[in-house]
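Here's the structure, in structure tokens; my notes come after.
In my numbering, the protein residues as written are 7 to 88.
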């Protein structure tokens with residue numbers, strides 16, 4: 007598949023049970039029909055699973071989300087990290 011923006015050949019990446027086409031030159035992302043719904047469903051179950059597992063007091067923070075120097079890490083940050 008050609009990138010609609012820059013006409014470069016798009017690369018295919020399998021992540022979280024979905025196929026994501028992305029352009030290595032401009033960084034564009036192409037999702038097929040229904041894939042965004044699938045990603046949102048997986049993301050919401052991921053957050054529910056993680057937050058139901060731990061109970062925090064005020065002032066506590068979650069090391070999973072704050073363990074890097076760039077601040078909070080989330081599901082979508084990992085999803086589109088090519």
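C-beta: ideal position from N, C-alpha, C; glycine also.
Note that the coordinates shown come from a computational prediction; the quantities given were computed from them, not determined experimentally.
Original post:
Exposed or buried, what is residue 9 when buried is set at 16 or more other beta-carbons lying within 10 Å of its beta-carbon?
Top reply: buried
**OP:** Quick one: residues in its chain with C-beta nearer than 6 Å to the C-beta of residue 34, no 5 flanking neighbours on either side, listed in chain order?
**Re:** 9, 11
Subject >> Residue range of the beta strand (DSSP E) that includes residue 27 >> reply: 24-28
**OP:** Would you kindly work out how many angstroms separate the C-alpha atoms of residue 32 and residue 7, rounded to a whole number?
**Re:** 14 Å
**OP:** Verify whether the separation of the beta carbon atoms of residue 45 and residue 28 is less than 8 Å.
**Re:** no
Original post:
Helix, strand or coil: which one does DSSP assign to residue 11?
Top reply: coil
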